[in-house]
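What follows is one structure encoded as structure tokens, with my remarks underneath.
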Amino acid sequence: MASSKVPVYSLSDLKNTTDDAITPYLISLPKPHRFTADNFKSNVRLTLGYVAVAIAGALFYVDRRLKWEVSTSWTMASVISYFILNIAFTIWLWLVEAGQVFEGGTDGGEKLRICSSTKKHSPLYTLRIRHTSSSGAILQDATISAPFSRWFSADGTFHPEPFKHWLSSEVKALKGVESATKS
1 MASSKVPVYS LSDLKNTTDD AITPYLISLP KPHRFTADNF KSNVRLTLGY
51 VAVAIAGALF YVDRRLKWEV STSWTMASVI SYFILNIAFT IWLWLVEAGQ
101 VFEGGTDGGE KLRICSSTKK HSPLYTLRIR HTSSSGAILQ DATISAPFSR
151 WFSADGTFHP EPFKHWLSSE VKALKGVESA TKS
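In terms of the UniProt record's numbering, the sequence shown opens at residue 1 and continues consecutively.
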């Protein structure tokens, strides 16, 4: 993970940079701690977006070829379809993904879901951790928080090592990772 600088007063930049560091860390851990990301939800989001863009592109082509008078019914159908897709996209983001930054599992069948959030004007980064066993038993269902200043310097440089240490000390699925990576 390359260190990156972000504006320290931009809460969304701090959160997004931290969110972006979670998946590469979890998928690069040594076995048996390594997680494989489940990209199903991201794929659905991308599909909704690409279909909306395809509709807009097709409408542009039809309007260009057939002119406005002939393509008005196509335009109405496209606008309605685009509206429905955007509603589906919004519902998907708010209700299904709901702040999720990682979902995946281990070779042993354990599942890990991590959702992140921040509150307006608060320097705390909050993670909701849900770790389940292969049988479905909940191993950890917790909310953890830490200030961004633990892994960002005053000039906005992201330092991944303190972040990894915090994550591995708080997430039960990652207990023992630091000793495994040192040897």
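Think of the CB as a built atom: it goes at the ideal place given N, C-alpha and C, for glycine as much as any other residue.
From Ile-55, Ser-149, Lys-175 and Ala-98, pick the residue whose C-alpha is nearest to that of Phe-83; which is it?
On the sequence shown, position 83 is the one that residue 83 refers to. Considering only alpha carbons, the answer is Ile-55.
Express the C-alpha separation of Ala-58 and Ser-133 in angstroms, rounding to a whole number.
Within the sequence shown, numbered from 1, the residue matching residue 133 stands at position 133. Within the sequence shown, numbered from 1, the residue matching residue 58 stands at position 58. About 46 Å.
If you compare alpha carbons, which of Ser-169, Gly-49, Asp-141 and Ala-37 is closest to Thr-90?
Looking up residue 90 in the sequence shown gives position 90. Nearest of Ser-169, Gly-49, Asp-141 and Ala-37 to Thr-90, Cα basis: Gly-49.
Which same chain residues, not among the five before or five after Asp-63, have their C-beta less than 6 Å away from its C-beta?
In the sequence shown, counting from the first residue as 1, residue 63 sits at position 63. Contacts found: Ser-71.
Nearest-angstrom Cβ-Cβ length linking Thr-36 and Ile-27, presumed shorter than 8 Å
Residue numbering aside, residue 36 sits at position 36 when the sequence shown is read from its first letter. Residue numbering aside, residue 27 sits at position 27 when the sequence shown is read from its first letter. Sure, about 7 Å apart at Cβ, within 8 Å.
Compare the C-alpha of Phe-148 against each of Pro-30, Thr-126 and Ile-138 and name the closest.
Taking the first residue of the sequence shown as position 1, residue 148 is located at position 148. Among Pro-30, Thr-126 and Ile-138, the Cα nearest to that of Phe-148 is on Thr-126.
Scan the segment 38-70 and note each continuous beta strand (DSSP E) run of 3 residues or more that stays entirely inside, going in chain order.
none
In three-state terms, what does DSSP make of His-121?
Numbered from its first residue, the sequence shown carries residue 121 at position 121. Here His-121 sits in coil by DSSP.
List the endpoints of the continuous beta strand (DSSP E) containing Glu-103.
Along the sequence shown, one-based indexing puts residue 103 at 103. Per DSSP, Glu-103 belongs to the beta strand (DSSP E) from 100-105.
Simplified DSSP state of Lys-31, which is helix, strand or coil:
Indexing the sequence shown from 1 puts residue 31 at position 31. Reduced to three states, the DSSP call for Lys-31 is coil.
Would you check if the distance between the CB atom of Thr-17 and the CB atom of Ser-4 is smaller than 8 Å?
Position 17 of the sequence shown, counting from 1, holds the residue named residue 17. Position 4 of the sequence shown, counting from 1, holds the residue named residue 4. Against a cut-off of 8 Å, the Cβ pair of Ser-4 and Thr-17 comes out as a contact.
Does the beta-carbon distance from Val-96 to Ile-114 come in below 8 Å?
As a position in the sequence shown, residue 96 is number 96, starting the count at 1. As a position in the sequence shown, residue 114 is number 114, starting the count at 1. Cβ atoms of Val-96 and Ile-114: not closer than 8 Å.
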